[in-house]
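J.:
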Ligand code: SF4
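Residue numbers (the working numbering): 301 to 473.
#1: I'd like to check one pair, residue 455 with residue 465: are the Cβ atoms closer than 8 Å?
#2: Whole angstroms is fine: what's the gap from residue 321's alpha carbon to residue 451's?
#3: Is residue 320 near the ligand SF4, going by C-beta to nearest heavy atom under 7 Å?
#4: Could you have a look at residue 441 and say whether DSSP puts it in helix, strand or coil?
#5: For residue 432 and residue 344, I'd like the C-alpha separation in whole angstroms.
#6: Given this structure, state the Cα-to-Cα distance separating residue 352 from residue 377, to the nearest angstrom.
#7: Give me every residue whose Cβ sits closer than 5 Å to any heavy atom of the ligand SF4, in chain order.
#8: To the nearest angstrom, how far is it from the Cα of residue 494 to the Cα of residue 381?
#9: Grab me the residues of residue 317's own chain with a C-beta within less than 7 Å of its C-beta, minus the 5 sequence neighbours each way, in chain order.
#10: Within 10 Å of its beta-carbon, does residue 438 have 16 or more other beta-carbons around it, so buried, or fewer, so exposed?
#11: For residue 387, does the count of other Cβ atoms within 10 angstroms reach 16, so buried, or fall short, so exposed?
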C-alpha cells in the first residue's frame, strides 16, 4: 500500500477528495472499500509532515466510544464525550492508548461521533489531530476537517466493542 500511495502522489493524481480519487481509480476496477482505504492512506501520507510540525500541545487524539468495553466501562458522559476515569480495566485499549498519548502531550477525547469532533476542535482550537475510526468515518473526517489529520482504521468496526491495534495508534502520534 505504501508504494501505491507514493506512486499515486508522485503521479499527481487528484487526491483532494474521495470522489476525485474514486474517478481516477474506478477505471482500474478497484473495489470501493479499497479506494476508501487508499484515500485514507494518501491523505495520511500527505498530512503527516504538516501534523508533525504542529506543537503537540495543540494536537488531539480522538478515540471512538465504541472502543470501550461496553458492559463494564463506567466512564461518564460530559460536554466533550466520555470521561475516562482511568480504571485500566483489563482488556480496555483506551486505557493504554490514552496514557501514552497524554504522556506525549496530546489531549485525548473519547467521542460518540464525528459531529462532536468538529465541535471540540472548534471550541478548543485544536490545530492537528489523530483519529481512530471505521473507514467511513475516517474518509468523512479527512474530507471535512480543515487541519492536518491522520486516521487509524479500526481493526474491528461496529457500534460496540470495536478493536484497534494499540501499536498502530501509538505509532501514529
Ligand atoms: S479505562 Fe476508561 S474507557 Fe477503559 S473501561 Fe476504564 S473508564 Fe472505561
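Where a beta carbon is used, it is the ideal one built from N, C-alpha and C, also for glycine. Computed from a prediction, not measured in an experiment: that's the story for all the values here.
T.: Based on what the coordinates show:
#1: Taking the chain shown and counting its residues from 1, the one referred to as residue 465 is at position 165. Taking the chain shown and counting its residues from 1, the one referred to as residue 455 is at position 155. Result yes, Cβ atoms of residue 465 and residue 455 sit closer than 8 Å.
#2: Here residue 321 refers to the residue found at position 21 of the chain shown. Here residue 451 refers to the residue found at position 151 of the chain shown. For residue 321 and residue 451, the distance between alpha carbons rounds to 17 Å.
#3: Translated into positions along the chain shown, residue 320 becomes position 20. Flag unset: Cβ of residue 320 not near the ligand SF4.
#4: Taking the first residue of the chain shown as position 1, residue 441 is located at position 141. Reduced to three states, the DSSP call for residue 441 is helix.
#5: Here residue 432 corresponds to residue number 132 of the chain shown, with the count starting at 1. Here residue 344 corresponds to residue number 44 of the chain shown, with the count starting at 1. So the two alpha carbons sit approximately 12 Å from each other.
#6: Numbered from its first residue, the chain shown carries residue 352 at position 52. Numbered from its first residue, the chain shown carries residue 377 at position 77. Rounded to the nearest angstrom, the two C-alpha atoms are 31 Å apart.
#7: Residue list for the ligand SF4: 368, 373, 375, 384, 385, 387, 389, 392, 394, 395 (CB closer than 5 Å to any heavy atom, chain order).
#8: Any property of residue 494 remains undetermined from this structure, which presents the chain solely from 301 to 473.
#9: Translated into the one-based positions of the chain shown, residue 317 becomes position 17. Here the set comprises 443.
#10: Taking the chain shown and counting its residues from 1, the one referred to as residue 438 is at position 138. Residue 438 should be labelled buried.
#11: Within the chain shown, numbered from 1, the residue matching residue 387 stands at position 87. Label assigned to residue 387: exposed.
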